[in-house]
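Chains as they are written, first to last, in my numbering: chain A, 310 to 641; chain B, 310 to 641.
Inspection log for the structure reproduced underneath, given as structure tokens.
2 protein chains.
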Amino acid sequence: MQQAQTIPHDALVVGVDVGGTKIAAGVVDTQGNVHGRIKITTDTSTPERTLSSIAQGVRSAVQATGVTMEQVHAVGLGIPGMVDPAQGICQISVNLGWQNVEVRSWLERELQLPCAIENDVSAAALGESIYGVSKGLDNMVYLSLGTGIATRAIINGKLYRGAHGMAGEIGHASFNPTGPLCRCGGRGCLEALAAGPALALRAQDELRSGKSSLLRDLIGKQPLENLRSEDVFEAARKGDALATKILREAGQYLAYGIYLLSMSLDPQIVIIGGGLAVEGSPLIEAIHEGVTRWLENSPIFREMSGLNLLRLSSLQHDAGITGAAALITSAH
Amino acid sequence: MQQAQTIPHDALVVGVDVGGTKIAAGVVDTQGNVHGRIKITTDTSTPERTLSSIAQGVRSAVQATGVTMEQVHAVGLGIPGMVDPAQGICQISVNLGWQNVEVRSWLERELQLPCAIENDVSAAALGESIYGVSKGLDNMVYLSLGTGIATRAIINGKLYRGAHGMAGEIGHASFNPTGPLCRCGGRGCLEALAAGPALALRAQDELRSGKSSLLRDLIGKQPLENLRSEDVFEAARKGDALATKILREAGQYLAYGIYLLSMSLDPQIVIIGGGLAVEGSPLIEAIHEGVTRWLENSPIFREMSGLNLLRLSSLQHDAGITGAAALITSAH
Numbered sequence: 310m311q312q313a314q315t316i317p318h319d320a321l322v323v324g325v326d327v328g329g330t331k332i333a334a335g336v337v338d339t340q341g342n343v344h345g346r347i348k349i350t351t352d353t354s355t356p357e358r359t360l361s362s363i364a365q366g367v368r369s370a371v372q373a374t375g376v377t378m379e380q381v382h383a384v385g386l387g388i389p390g391m392v393d394p395a396q397g398i399c400q401i402s403v404n405l406g407w408q409n410v411e412v413r414s415w416l417e418r419e420l421q422l423p424c425a426i427e428n429d430v431s432a433a434a435l436g437e438s439i440y441g442v443s444k445g446l447d448n449m450v451y452l453s454l455g456t457g458i459a460t461r462a463i464i465n466g467k468l469y470r471g472a473h474g475m476a477g478e479i480g481h482a483s484f485n486p487t488g489p490l491c492r493c494g495g496r497g498c499l500e501a502l503a504a505g506p507a508l509a510l511r512a513q514d515e516l517r518s519g520k521s522s523l524l525r526d527l528i529g530k531q532p533l534e535n536l537r538s539e540d541v542f543e544a545a546r547k548g549d550a551l552a553t554k555i556l557r558e559a560g561q562y563l564a565y566g567i568y569l570l571s572m573s574l575d576p577q578i579v580i581i582g583g584g585l586a587v588e589g590s591p592l593i594e595a596i597h598e599g600v601t602r603w604l605e606n607s608p609i610f611r612e613m614s615g616l617n618l619l620r621l622s623s624l625q626h627d628a629g630i631t632g633a634a635a636l637i638t639s640a641h
Numbered sequence: 310m311q312q313a314q315t316i317p318h319d320a321l322v323v324g325v326d327v328g329g330t331k332i333a334a335g336v337v338d339t340q341g342n343v344h345g346r347i348k349i350t351t352d353t354s355t356p357e358r359t360l361s362s363i364a365q366g367v368r369s370a371v372q373a374t375g376v377t378m379e380q381v382h383a384v385g386l387g388i389p390g391m392v393d394p395a396q397g398i399c400q401i402s403v404n405l406g407w408q409n410v411e412v413r414s415w416l417e418r419e420l421q422l423p424c425a426i427e428n429d430v431s432a433a434a435l436g437e438s439i440y441g442v443s444k445g446l447d448n449m450v451y452l453s454l455g456t457g458i459a460t461r462a463i464i465n466g467k468l469y470r471g472a473h474g475m476a477g478e479i480g481h482a483s484f485n486p487t488g489p490l491c492r493c494g495g496r497g498c499l500e501a502l503a504a505g506p507a508l509a510l511r512a513q514d515e516l517r518s519g520k521s522s523l524l525r526d527l528i529g530k531q532p533l534e535n536l537r538s539e540d541v542f543e544a545a546r547k548g549d550a551l552a553t554k555i556l557r558e559a560g561q562y563l564a565y566g567i568y569l570l571s572m573s574l575d576p577q578i579v580i581i582g583g584g585l586a587v588e589g590s591p592l593i594e595a596i597h598e599g600v601t602r603w604l605e606n607s608p609i610f611r612e613m614s615g616l617n618l619l620r621l622s623s624l625q626h627d628a629g630i631t632g633a634a635a636l637i638t639s640a641h
């Protein structure tokens with residue numbers, strides 16, 4: 310683990326949350342306030358172009374804040390993939406199409422600023438643990454629920470990486486060996502059962518097999534492939550039986566994952582973040598129902614976790630940006 | 310976490326592994342050598358009698374080593390249950406029938422020696438990490454497989470307890486919601502599917518339903534209830550189909566547990582210890598087969614864990630005794 314550098318109290322750091330479709334960045338002060346938030350499209354045509362997108366995102370955030378690059382102390386980045394923070398290398402990123410990309414040295418040369426990199430979910434977990442709902446707690450699990458699914462844990466007050474920086478890749482654990490193929494090559498992985506694209510695919514399949522649903526009205530004359538997880542949420546909110554069933558089943562799988570992680574890690578809380586962590590959404594309701602059922606059925610889970618295990622992220626999209634900045638400003 | 314006290318290089322500590330049926334104890338030197346190993350029956354009729362059994366075990370080990378109580382520096386104990394090491398209290402132990410027993414103060418008064426307590430599997434994990442196959446590794450999972458099933462992890466070089474000392478109670482995670490009732494009150498827990506007593510119960514049920522098997526010859530005219538897991542192992546070694554099937558199924562469940570723990574914790578190795586961790590046994594073979602199948606099916610698990618994830622305990626029964634002693638002699 311890298312130690313926090315000694316940095317001035319009023320230092321500004323750019324935090325970057327690199328995604329497969331969008332790059333979000335902001336200038337973060339040492340209190341975790343985010344200034345000049347920007348979002349740009351990720352160019353994933355070549356690794357060099359992706360790195361250029363990132364550099365562009367950093368410059369745009371600095372400009373939007375009304376400061377100069379000279380006033381910025383350093384840059385922290387969360388990257389969707391397997392990352393070696395000590396070497397500054399991303400070993401593999403399916404979303405970015407990267408293999409062994411020397412992220413840190415490239416960006417440090419380009420931006421003339423010190424850079425630090427981490428896995429994106431690790432960065433978001435760090436953000437939540439320093440500035441969010443788990444502030445001050447020593448043991449928590451952060452579940453990122455969106456296009457992908459992964460967890461990262463804060464253990465004994467520190468980000469837990471595991472032997473290969475992969476601790477928490479529960480999104481690629483199979484919960485149904487005869488389930489749908491996952492983009493990782495496995496079958497029935499939690500991500501292939503319950504992440505955003507899985508919900509959309511599941512709904513498309515059900516419509517193709519002739520099921521009636523409000524979803525047909527929502528997509529109208531568009532091809533079925535255009536149906537997105539947002540449509541499934543909207544239909545469920547309007548009481549559609551098929552959409553409700555799809556979200557309930559996904560919620561059950563996610564609840565089982567949370568239950569297993571809790572039995573393994575005995576956290577104080579589990580925070581749900583990411584694009585699908587929306588208060589009052591039918592998926593979040595289904596997760597709550599599922600976890601409640603496990604609490605009822607397992608005396609030991611109940612004794613450990615009590616009834617207040619689950620929390621929604623309070624930082625939402627800023628978890629990734631503030632956590633990336635905290636790679637520079639905190640001992641993690 | 311308690312810090313290691315400064316103790317002399319030649320100090321002797323008594324390590325005690327308290328079980329529901331037997332208490333094992335030994336005098337341990339600072340190199341982890343065990344002297345004067347003894348094993349006595351646990352009197353669980355009342356908490357006070359159990360504590361007396363433990364004190365008796367300590368005195369017997371000291372006597373067997375040929376030293377005096379005055380030469381002993383302190384006593385460390387591993388207790389099967391939920392333990393608060395800071396308060397010296399066992400909150401609950403199903404095996405011992407304890408609730409909120411003030412273990413440390415009672416034993417310190419009785420033995421006139423400083424005492425430290427921990428959960429028994431935590432102590433064994435600590436023993437393995439200091440003296441066993443995972444010596445020097447920062448991240449490992451220890452799976453105790455015997456009358457009960459539980460895991461404990463060494464994370465970033467330290468014993469990981471979780472928020473309530475329950476991290477690793479995967480033995481009480483349900484892997485089959487319609488499975489057999491577990492003694493914890495849950496249903497289909499890993500322990501109810503794959504621990505020693507579960508294997509025996511499963512075999513008894515199969516024989517009751519009329520299945521033919523070598524097991525019938527092994528128990529002869531005894532009542533079916535006398536059939537033990539040892540009989541299932543013996544029958545499987547002799548090629549019995551029913552016994553082999555029972556162990557293979559249990560091995561599949563255990564392999565799934567190891568796979569899930571590995572995806573959650575990304576350990577360098579997983580050590581299998583406890584009474585059923587016997588080299589070449591059909592259960593261990595089945596676990597290996599099951600884990601190999603998950604490695605084949607999950608590219609991410611393969612990338613993380615490689616092919617040398619599983620190890621058998623090298624310390625066997627001494628893991629608990631040396632780990633209990635290490636509660637005194639190591640910063641853990």
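No residue lacks a Cβ here, since even glycine has one placed at the ideal position from N, Cα and C.
Every value quoted in this text rests on a predicted model; they were computed, and no experiment measured them.
Beta-carbon gap between residue i and residue j smaller than 8 Å
i	j	result
I426 of chain B	N448 of chain B	no
I398 of chain A	V376 of chain A	no
G366 of chain B	V410 of chain B	no
L592 of chain B	L556 of chain B	yes
M572 of chain B	D575 of chain A	no
L619 of chain A	E588 of chain A	no
G387 of chain B	A320 of chain B	no
P389 of chain B	G328 of chain B	yes
G660 of chain B	Y451 of chain B	Outside the modelled stretch of chain B, which goes from 310 to 641, sits residue 660 of chain B, for which no answer is possible.
S369 of chain A	A334 of chain A	yes
C424 of chain A	V384 of chain A	yes
A586 of chain B	V541 of chain B	no
Y440 of chain B	T631 of chain B	yes
V322 of chain A	A628 of chain A	no
H641 of chain B	K467 of chain B	yes
S443 of chain A	S607 of chain B	no
E437 of chain B	L636 of chain B	no
C551 of chain B	K520 of chain B	Checking the sequence, you will find Leu at residue 551 of chain B rather than Cys. Yes, these two residues count as a Cβ contact at 8 Å.
T374 of chain A	S362 of chain A	no
L265 of chain A	I578 of chain A	Any answer about residue 265 of chain A is impossible in this case: the structure gives chain A only from 310 up to 641.
Cβ-heavy atom distance, residue i to the ligand PLP, below 7 Å
i	result
R368 of chain A	Inclusion of the ligand PLP in the displayed structure is not the case, the ligand content being empty and no account of it being possible.
Beta-carbon neighbours of residue i, restricted to chain A and to distances below 9 Å
i	result
H481 of chain B	M572, S607, P608, I609 and F610
H641 of chain B	Those within 9 Å of H641 of chain B in chain A number zero; the least Cβ separation is about 12 Å.
9 Å Cβ cut-off: residues of chain B touching residue i
i	result
E437 of chain A	What E437 of chain A touches in chain B: nothing, since even the nearest Cβ is about 16 Å away.
E478 of chain A	M572, S573, D575, I609, F610 and M613
Amino acids of chain B, ordered along the chain, whose beta-carbon sits closer than 7 Å to that of residue i
i	result
C399 of chain A	The contacting residues do not exist; C399 of chain A stays about 14 Å from chain B at best.
N448 of chain A	G471 and A472
Under 8 Å from the C-beta of residue i: neighbouring residues of chain B
i	result
H473 of chain A	D575, E612 and M613
Listed by chain order, chain A residues near residue i by CB distance under 8 Å
i	result
N409 of chain B	Correct list: empty, because the minimum Cβ distance to chain A is about 13 Å.
Report the residues of the stretch 555-570 of chain B with a CB closer than 8 Å to any CB of chain A, ordered along the chain.
Y568, L569 and L570
Quick test of the definition: if touching needs 3 or more C-beta pairs under 8 Å, does the stretch 446-456 of chain B touch the stretch 504-518 of chain B?
yes
Could you please tell me which residues of the stretch 603-614 of chain B, in chain order, have their CB closer than 7 Å to any CB of chain A?
N606, S607, P608, I609 and M613
Which ranges does the alpha helix (DSSP H) cover as unbroken runs of at least 4 residues, wholly within the stretch 558-616 of chain A, from first to last along the chain?
591-606 and 608-614
Using a Cβ cut-off of 7 Å, which residues of the stretch 453-471 of chain B contact any Cβ in chain A, in chain order?
I464, N465, K467, Y469 and G471
Can we say the stretch 488-498 of chain A touches the stretch 330-345 of chain B, given the rule of at least three CB pairs closer than 8 Å?
Output reads no: the stretch 330-345 of chain B does not touch the stretch 488-498 of chain A.
Ranges of the beta strand (DSSP E) found wholly within the stretch 392-467 of chain B, counting only runs of at least 3:
398-402, 407-410, 424-428, 449-454 and 458-464
Evaluate contact between the stretch 592-606 of chain A and the stretch 560-571 of chain A, counting only Cβ atoms and requiring at least three cross-stretch pairs below 8 Å.
yes
Between the stretch 573-604 of chain A and chain B, which residues of the former have a C-beta closer than 7 Å to a C-beta of the latter?
S573, L574, D575, P576 and Q577
Residues of the stretch 486-508 of chain A in Cβ contact with chain B at a cutoff of 7 Å, in chain order, please.
C493, G494, G495 and R496
Can you give, in chain order, each stretch of the alpha helix (DSSP H) that sits fully within the stretch 310-389 of chain A and has at least 4 residues?
356-374
Which ranges does the beta strand (DSSP E) cover as unbroken runs of at least 3 residues, wholly within the stretch 493-536 of chain A, from first to last along the chain?
none
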